[in-house]
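Heads up, the thing below is written out as structure tokens.
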Amino acid sequence: MSQPSPSSKSAIVIGGGPAGLMAAERLRAAGVEVDVYDAMASVGRKFLLAGKGGLNLTHSEDRPLFDSRFAERSNSVAAWLNELDGPGLRAWAAELGVETFVGSSGRVFPTSMKAAPLLRAWLHRLREAGVRFHMRKRWLGWAEDGGLRFAGEGGETLVTKPDVVVLALGGASWPQLGSNGAWAPLLAQRGVEIAPLRAANCGFELGARQDPSLDQAVAPIGWSELFTARFAGLPVKPVALHFEGQTGRQFARQGEFVITEDGIEGSLVYAASALLREEIAEFGQALIHLDLLPDRSVDFVAAEVARPRGPRSLSTHLKSRLGIEGLKAGLLREVLSKEQYGDPATLAATLKRLPLRLVAARPVAEAISTAGGVRLEALTAGLMLKQLPGVFCAGEMLDWEAPTGGYLLSASMASGRVAGEGAAAWLAGRSAA
1 MSQPSPSSKS AIVIGGGPAG LMAAERLRAA GVEVDVYDAM ASVGRKFLLA GKGGLNLTHS
61 EDRPLFDSRF AERSNSVAAW LNELDGPGLR AWAAELGVET FVGSSGRVFP TSMKAAPLLR
121 AWLHRLREAG VRFHMRKRWL GWAEDGGLRF AGEGGETLVT KPDVVVLALG GASWPQLGSN
181 GAWAPLLAQR GVEIAPLRAA NCGFELGARQ DPSLDQAVAP IGWSELFTAR FAGLPVKPVA
241 LHFEGQTGRQ FARQGEFVIT EDGIEGSLVY AASALLREEI AEFGQALIHL DLLPDRSVDF
301 VAAEVARPRG PRSLSTHLKS RLGIEGLKAG LLREVLSKEQ YGDPATLAAT LKRLPLRLVA
361 ARPVAEAIST AGGVRLEALT AGLMLKQLPG VFCAGEMLDW EAPTGGYLLS ASMASGRVAG
421 EGAAAWLAGR SAA
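Numbering (full-length UniProt numbering), first residue to last: 1 to 433.
Set out below in structure tokens:
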């Protein structure tokens, strides 16, 4: 990035995640003096955590399929992606010296698979361009004169009102990394419309182990102690998850998920989490069905279960004929009574359609990301708050959500670019006026 010419215009970016850093980059490129404030000791904490197992930067899907991942917000997010889409993000990373590749699932990763090299190169370029960083500064809101209040190690600090502010404060997931949603009441007090912050890409708690189609008595809520002791933390794979909601919501996909002490989590569950969360909010529960043998037909499974087994036990029969053992066998025991387990027709049907009743999403602090936030209707196309001219918002604090797979990070960074360029354009317009 070339060094911009000096400018008397000033911007403060609050939040040093990917959206905030991208906004800072665009403002500085426009010649604006930029200071970044963050509550943590270093920037990009959640970015680094997301890249711990391999940084999923974006996805290689063509648009408009990529856009559709943002559901009812797809049109709004598409406008951000017009400024920085998946190929654009890969080109941006290449400018930092970070090459990327497309994995077998279509996800895009740095060749090193790590987030730290990209973040180091990015911060070096920002500092070289003149962006200043102020760490351990937690935003407290505005002073009466429009200045910005920050809490730090030495007490409260008041920063003179800048020409423009970009808020990129994250949602409310992983609060230990700085995103705790404390900004929501500060904006609401100033008339900004905020959608309640909710868990997204989250796990769910298991309800009573009952399915009306099986005429099964209500079992205790959650997994049995024996099942939890043996299988909590283990993945279920391969498996297909099917969901048909009471208002027409539908989901069907093959993948894998993980057993938790009180329910389920993992990539397959995250992909369905928005639908499941809304179903629970409306009806108090969401009934899902698992296909434990997604590569086998209903007729094949029924025939194998009914095949004569001679002196062998049923568990040995299922293991030898269908490969059902361990965790999957345990799941059958969790939902079927002894009598049902011994009935070939019921057992075969359950192998292809095992019911789990979910009754609550896990707390937002545990979620991968956050739904809700600043309603997009409260913002201009350049992501400026209509109620607060000169204040822009970006990233996960906005009211949108997406599944994992590179969509979250890609859209967050695109929104940061839009907010940064929107702020720069607003400043230029005021100067021209």
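Just so it is clear, CB atoms sit at the ideal spot from N, CA and C, and this is done for glycine as well.
- Non-local C-beta neighbours of ALA402 in its own chain, meaning closer than 7 Å and more than five positions away in sequence, comprise ARG69, PHE70, LEU408 and ALA411, ordered along the chain.
- In this structure, the CA atom of SER42 is about 10 Å from the CA atom of GLY17.
- Here DSSP, grouped into helix, strand and coil, assigns ILE280 to helix.
- DSSP links ARG45 through a beta bridge to no other residue.
- The stretch 252-264 makes no contact with the stretch 366-374; the number of CB pairs closer than 8 Å stays below 3.
- Judged by DSSP secondary structure, GLN250 falls within the beta strand (DSSP E) whose first and last residues are 250-259.
- Of all C-beta pairs linking the stretch 20-37 to the stretch 415-423, three or more are shorter than 8 Å, placing the two stretches in contact.
- When the five nearest sequence neighbours on each side are left out, the beta carbons in the same chain lying within less than 7 Å of the beta carbon of ASP399 are those of ALA195, GLY372, GLY373, VAL374, ARG375 and LEU376, in order along the chain.
- Leaving aside the five residues that flank ARG307 on each side, the residues in its chain whose CB is nearer than 7 Å to its CB run, in chain order, ARG321.
- DSSP assignment within the stretch 145-203 yields the following whole alpha helix (DSSP H) runs of 4 residues or more, N-terminal first: 183-188.
- Excluding the 5 residues flanking it on each side, PRO162 has same chain C-beta neighbours closer than 7 Å at SER10, ALA11 and ILE12, in chain order.
- Taking 8 Å as the upper bound for CB-CB distance, LEU268 and GLU256 are in contact here, some 6 Å apart.
- In chain order, GLY171, SER173, ALA200, ASN201, GLU396, GLU401 and LEU408 place their CB closer than 7 Å to the CB of SER369, counting only its own chain and leaving out the 5 sequence neighbours on each side.
- Beyond the five residues adjoining it in sequence on each side, VAL131 comes within less than 7 Å, by CB distance, of ALA24, ARG28, VAL34 and VAL36 in the same chain, given in chain order.
- It is roughly 15 Å from the alpha-carbon of ALA39 to the alpha-carbon of LEU158.
- Here DSSP, grouped into helix, strand and coil, assigns THR370 to strand.
- For THR316, the three-state secondary structure derived from DSSP is helix.
- Residue state for THR380 is assigned as coil, using DSSP reduced to three classes.
- Residue pairing by DSSP places ILE264 opposite PHE204 and ILE259 in a beta bridge.
- Per DSSP, reduced to three states, the secondary structure at SER68 is helical.
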